[in-house]
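Per the working numbering, the sequence shown starts with residue 580, numbered consecutively. Beta carbons are placed, not taken as given, at the ideal position from N, Cα and C, and that holds for glycine. Note that the structure is a prediction, hence the values are computed from the model and not measured. Input: a single structure, listed below in structure tokens.
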Amino acid sequence: MEMIHSALITGASRGIGLEFVKQLLTNSSLQAKIIIATCRSPEGATALQELKKSSERVHILKLDVTKFDTYDELALNVGSIVGDKGLTLLINNAGIAEASFKDSLKDITPEMYLSTFTTNSVAPVILTQALYPLLKQSAEAHSSETKNGLGVRRAAVINISSDLGSIKCAAGHIHRSLSYNESKAALNMSTQLLAKELARDGILIESIHPGVVRTDLTKDVEGDCPMIDSSTSVAGILSVLLYLQEKNKDGFLDYKGNVLPF
Ligand code: NDP
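Below, the structure written as structure tokens:
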């Protein structure tokens with residue numbers, strides 16, 4: 580089992596984000612010594628609070644990813660938790676979908692578009708920017724573990740995307756939401772554009788589709804297609820991460836390690 584220094588997860592109150600916290604504590608292939616679970620309302624996140632009670636490795640910080648003016652303070656708090664070995668893994672997981680995955684032109688509003696883009700596309704990039712010095716610190720402190728190459732043992736940013744953000748895959752899908760699909764396509768583009776720049780500092784970045792997972796986000800489409808549970812999804816993602824050595828150039832990955840086209 581591999582133990583990385585530290586990980587931060589956004590949207591850790593429930594669903595896939597909460598499962599990341601659980602498995603980074605107990606997974607048989609990849610765990611983190613320090614797990615920073617961030618969420619909008621720590622006081623209401625009871626499952627997360629239970630995990631914190633069970634292990635000193637779990638730290639909870641308040642973060643609404645759309646509140647960009649709180650990012651500097653967050654970075655200071657994260658820095659004091661992770662220490663001089665920096666932040667090894669940032670998982671940009673928080674995400675929203677305001678439509679029922681069956682919308683059409685008449686259903687959309689500018690507000691819906693903007694809030695979906697703010698959370699799903701803008702926040703992951705601006706948070707990566709805010710935490711970049713800590714990621715770089717981890718890349719420097721752990722360079723020997725990957726022989727100066729890239730890898731999750733050194734420093735990595737994982738953007739939780741969706742196959743709905745693939746222009747090619749979305750065409751054959753029964754589900755769609757203009758704002759959601761487009762926000763994830765934009766996120767995939769950010770991953771692609773930042774890959775070279777971050778790699779120069781030893782930081783890996785990748786977009787990952789977690790599969791169609793039974794969570795609050797998908798409760799309205801339950802029964803439309805086969806779904807997996809969040810434990811299968813996250814266990815798959817963590818084993819994919821372990822072997823990742825560079826950003827996939829031709830697309831992005833799913834939780835089984837398959838390459839999805841842009
Ligand atoms: P859930 O709706 O179960 O959970 C979403 C999480 O995001 C919650 O913890 C929620 O927090 C948090 N969140 C939403 N907005 C914000 C915000 N502004 N700031 C901080 N946290 C926020 O969804 P999933 O677990 O299914 O989704 C997780 C990620 O996986 C998303 O990015 C989603 O797009 C992606 N995904 C999911 C798929 C699926 O089949 N489930 C498929 C493909 C991708 P709160 O409790 O405060 O609302």
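Runs of beta strand (DSSP E) wholly within the region 625-693 (minimum 3 residues, chain order)
Runs found: 637-641 and 668-671.
R593 CB to nearest heavy atom of ligand 1 below 6 Å:
With a threshold of 6 Å, the Cβ atom of R593 counts as near ligand 1, since some heavy atom of the ligand is closer than that.
Are I784 and T770 closer than 7 Å when you measure CB to CB?
Yes.
Whole-angstrom Cβ separation of A626 and L597, contact assumed at under 8 Å?
Confirmed, Cβ separation roughly 6 Å.
Which of helix, strand or coil DSSP assigns to D795
Correct three-state label for D795: helix.
Could you compute how far the alpha carbon of A735 sits from the alpha carbon of L668?
Spanning the two alpha carbons is a distance of roughly 5 Å.
Looking at V792 and S812, is the spacing between their C-beta atoms short of 7 Å?
Between S812 and V792, the CB-CB gap stays under 7 Å.
Taking the alpha helix (DSSP H) that G594 falls in, what are its first and last residues?
In the DSSP assignment, G594 falls within the unbroken alpha helix (DSSP H) covering G594 to T605.
Under the three-state reduction of DSSP, which class applies to V813: helix, strand or coil?
It is helical.
Mark I613 as exposed unless 16 or more other C-beta atoms lie within 10 angstroms of its C-beta, in which case mark it buried.
Flag for I613 reads buried.
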